[in-house]
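Structure, as structure tokens:
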Amino acid sequence: MNVLFASSELYPLAKTGGLADVLGALPAALQARGHSVSCALPFYREVMESEPELLDPDLALEIPMGDRVLAGRVYQTETPNGVTVFLIRRDEFFDRSGLYGNELGDYQDIAERFIFFSKAVIALAANISPAIDILHAHDWQTGLVPIFAKAAAAQFKTVFTIHNLGYQGSFWGVDFKLCNLPDRYFAPDGGLEHYGHLNCLKAGIVHADQVTTVSPTYAREIQTPAHGRGLDVTLREHAGKLTGILNGIDQSLWCPASDPLIKENYTAETLAEGKAACRRHLLKRADWPKDTTDLIVGVVSRLDSQKGIDLIRDAWPEILRMPVRLVILASGDPDLEAWLTSAMERHPDRLFAEIGFSEKLAHRIQAGCDAVLMPSRYEPCGLSQLYAQRYGTLPIVHGTGGLADTVADWNDEAREGTGFVFRPCNAPALLGALRRAVELAQDRPAWEIAAREGMARDFSWEASAMATEEVYARA
Ligand code: ADP
Ligand code: GLC
């Protein structure tokens with residue numbers, strides 16, 4: 355099949371979270387299975403700054419936006435794994451710091467920016483030859499792609515993937531004018547309107563030929579009022595075209611045996627020595643004694659209520675009584691950033707927090723920590739727990755969404771499992787799981803059984819790519 359992906363992130367060109375990792379890997383996995391795949395991405399400032407090698411296919415776009423017509427231009431580059439990326443350029447929208455906004459929040463014209471991008475993708479699709487069979491759009495930023503395809507009477511089919519129902523791209527109804535669509539779409543059964551707002555995610559769900567989300571459990575959860583965020587009714591109505599497909603990970607980028615960013619490479623056979631070296635390296639970074647036997651627990655996360663980092667804050671006084679040290683790499687919510695900074699000032703021997711975004715430190719945390727903590731309130735898939743298992747690091751997770759699907763809770767009697775799963779999502783349950791981890795760490799052979807079981811798991815993209823192919827066939 356000939357497939358065009360459309361999304362607002364793509365590793366290594368533009369990343370704020372897991373969406374980028376998926377776009378950096380799934381297209382290549384499909385390509386390896388014989389499909390012809392390309393991607394469309396906004397030409398952000400950070401893409402320009404990475405100075406990619408560019409081709410100019412000489413494709414100028416004229417995009418109607420309400421009563422204006424805006425010009426755009428398409429450039430072309432290639433990812434390290436050989437996938438063509440079409441960069442949609444309009445500097446007024448994308449030559450800015452950050453993908454979505456700055457310290458003050460989302461850019462005010464964020465709806466306009468991604469309506470423009472979504473329309474540009476349809477214009478681009480019409481120029482790709484041979485003609486595409488499938489346009490695969492991701493998250494709210496490209497949620498309008500399926501309806502724009504219909505409006506253009508496109509011959510290809512559309513697939514829409516929900517990576518996170520928490521971000522719906524919900525804007526005041528006036529922005530609907532920018533879509534240049536007939537008014538009937540902004541009506542209760544028109545798909546774009548939701549309680550008087552323009553809802554881009556809903557538009558994707560209603561108008562795509564097939565819809566996927568990133569784990570089977572999340573696919574079920576979002577059809578319930580508790581997790582549906584106001585769209586559970588819509589999702590139940592369209593359940594017949596909804597499939598949950600677990601994400602994979604790029605096992606060449608996240609591989610302890612060859613990772614160039616970590617202190618020492620290791621395999622399941624050399625786990626003990628290799629990990630010890632990475633652990634010492636991380637302890638040095640935190641300025642902690644290199645022989646501490648405390649449990650070193652890492653967090654690599656966006657700071658957003660989804661991620662439940664406030665539960666760590668609630669549990670902190672208790673954690674201080676346990677033989678545990680936290681290494682946290684995160685950024686986002688200013689209150690949580692401030693808490694992390696002040697807690698580290700007060701207890702520099704127990705918390706090392708780096709506020710920011712660092713691919714290098716993320717890898718070093720995965721390799722150097724004993725465990726990785728993810729107290730997410732909800733988690734569509736989650737990648738950090740997959741990376742952790744790959745690095746022989748035990749994930750401690752709230753049993754929700756993709757976390758429930760990918761972490762096997764340690765069972766003392768059977769001596770099997772790959773991490774610790776807690777429920778419900780609160781500080782006492784989190785502390786309970788942390789205590790179990792501290793206990794298991796006393797039993798070194800058992801800990802290593804769990805670590806090796808995690809390392810042996812197959813989280814490659816192969817299975818996800820095959821399942822995605824079936825969805826394309828259904829579309
Ligand atoms: P989400 O997409 O909801 O943020 P995932 O677990 O799917 O959650 O993916 C998070 C991705 O972003 C992982 O690759 C993780 O390593 C990365 N990440 C998150 N925060 C940071 C950070 N502060 N620095 C570096 N990488 C980060
Ligand atoms: C979203 C979700 C995360 C998922 C990622 C990639 O950002 O929050 O759980 O792993 O998308 O699909």
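Each step along the sequence shown adds one to the number in this note's numbering, with nothing skipped, and position 234 is 588.
Just so you know, even glycine gets a beta-carbon here, dropped at the ideal spot from N, CA and C.
The structure presented is a predicted model; accordingly, all values stated were derived computationally and were not measured.
- Contact residues of ligand 2 (beta-carbon closer than 7 Å to any heavy atom; chain order) are 371, 372, 373, 375, 376, 517, 518, 568, 601, 660, 733, 734, 735, 736, 737, 755 and 756.
- Going by DSSP, residue 811 is part of no beta strand (DSSP E) at all; its letter is neither H nor E.
- Where residue 696 is concerned, there is no enclosing beta strand (DSSP E), although the alpha helix (DSSP H) around it starts and stops at 688 to 700.
- Per DSSP, residue 635 has no beta-bridge partner at all.
- A straight-line Cα-Cα distance of about 45 Å links residue 359 and residue 798.
- Note on geometry: alpha-carbon atoms of residue 375 and residue 572 lie some 19 Å from one another.
- The secondary-structure analysis by DSSP pairs residue 647 with nothing; it has no beta-bridge partner.
- Counting along the chain, the unbroken beta strand (DSSP E) around residue 412 starts and ends at 409 to 419.
- By the neighbour-count definition (other C-beta atoms within 10 Å, threshold 16), residue 815 is a buried residue.
- At a cut-off of 7 Å, the beta-carbon of residue 818 does not count as near ligand 1: no heavy atom of the ligand is closer than that.
- Around the beta-carbon of residue 636, 16 or more other beta-carbon atoms lie within 10 Å, marking it buried.
- Counting only runs of 3 or more residues that sit fully inside the stretch 507 to 567, the beta strand (DSSP E) segments are 511 to 516, 524 to 526, 551 to 553 and 564 to 567, in chain order.
- Within the stretch 477 to 507, the complete alpha helix (DSSP H) segments at least 4 residues long are 499 to 505, listed from N- to C-terminus.
- The DSSP-derived three-state label of residue 572 is helix.
- Relative to residue 731, the option among 664, 759 and 707 whose CA is nearest is 664.
- The residues 448, 449, 450 and 451, in chain order, have a CB closer than 8 Å to that of residue 399 in the same chain once the five nearest residues on each side in sequence are set aside.
- If you look at residue 598, you'll find it isn't in any alpha helix (DSSP H); it sits in the beta strand (DSSP E) that goes 596 to 598.
- Annotation for residue 745: no alpha helix (DSSP H) segment contains it, and DSSP assigns it neither H nor E.
- Of the residues 761, 397, 417 and 422, the one whose Cα lies closest to the Cα of residue 410 is 397.
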